[in-house]
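Asks:
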């Protein structure tokens, strides 16, 4: 196996992950709450968010950013649900919405990653990874296309950006300038299916949301958080 469970998930559907100095931020796709846990899985605090069908998550610029698909199939509808794909800018302590912007392609969204004042965002149409500038009205400043479908979690490293492609269950490192593939990790058949992705001390961590067992083409039958051992 290349996906090794490390901690018990704090929620039923752990999707997006983001390591920070405080701990590991985990987006629960079921409730759209964000759980902050330590390395043993102990829950440090819970952040309630207006996200709907939450996926990716990142922390940067003093804020929490969440990928919201607009409509949830795993919880009752809320008055804050929009039915549209947004990236939310939230208060890091309270989860209160500060701002939001539409996804670059106007559709659904999975992965987001803070990078020195800007945010990488996955897209489905076209299959691409966009870079937007929050300080300039969320202007798109760069993008590159990819070949594999179902882009999910992102993890920025010095020599590129890792992207999980969940259906194929591979993690690809892309050159951020050209989009050329620099490296690839192919998960084993009995491994978890990587949704969320983050990096800590040079190691990739994953979250497998499992979507309550409903994604029978991409599920091990239970949610999981762990490390990738290539």
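Numbering (the numbering used here), first residue to last: 127 to 356.
Note that CB positions come from ideal geometry on N, CA and C, so glycine has one too.
On the DSSP bridge assignment, give the partners of residue 307 in chain order.
Replies: 300
Asks: Could you check what DSSP says for residue 261 in three-state terms: helix, strand or coil?
Replies: Taken through DSSP and simplified to helix, strand or coil, residue 261 comes out as helix.
Asks: Taking only three categories from DSSP, how would you classify residue 141?
Replies: strand
Asks: Quick check: the stretch 210–219 against the stretch 174–191, are there 3 or more CB pairs under 8 angstroms?
Replies: Contact between the stretch 210–219 and the stretch 174–191 is present, with at least three C-beta pairs closer than 8 angstroms.
Asks: So is the beta-carbon of residue 246 under 7 angstroms away from any non-hydrogen atom of the ligand NAP?
Replies: Absent from the structure shown: the ligand NAP. Ligands present: none.
Asks: Taking only the alpha-carbon atoms, compute the straight-line gap between residue 312 and residue 290 and give it to the nearest angstrom.
Replies: Linking residue 312 to residue 290 through their CA atoms gives a straight-line distance of about 10 angstroms.
Asks: So is residue 293 buried or exposed if we call it buried at 16+ other beta carbons inside 10 Å?
Replies: exposed
Asks: Report the partner residues of residue 236 according to the DSSP bridge assignment.
Replies: Paired residue(s): none; residue 236 is not in a bridge.
Asks: Any idea if residue 343 is buried or exposed, counting beta-carbon neighbours within 10 angstroms, 16 or more meaning buried?
Replies: Residue placement at residue 343 is flagged as unreliable, the pLDDT there being 43, under the threshold of 50; a coordinate-derived value is accordingly withheld.
Asks: Since residue 297 contacts residue 277 with CB under 8 angstroms, what's their CB separation in whole angstroms?
Replies: Rounded, the Cβ-Cβ distance is 11 angstroms, inconsistent with contact.
Asks: Give every residue of the same chain whose Cβ lies closer than 8 angstroms to the Cβ of residue 224, excluding the five residues on either side of it in the sequence, and list them in chain order.
Replies: 189, 215, 216, 217
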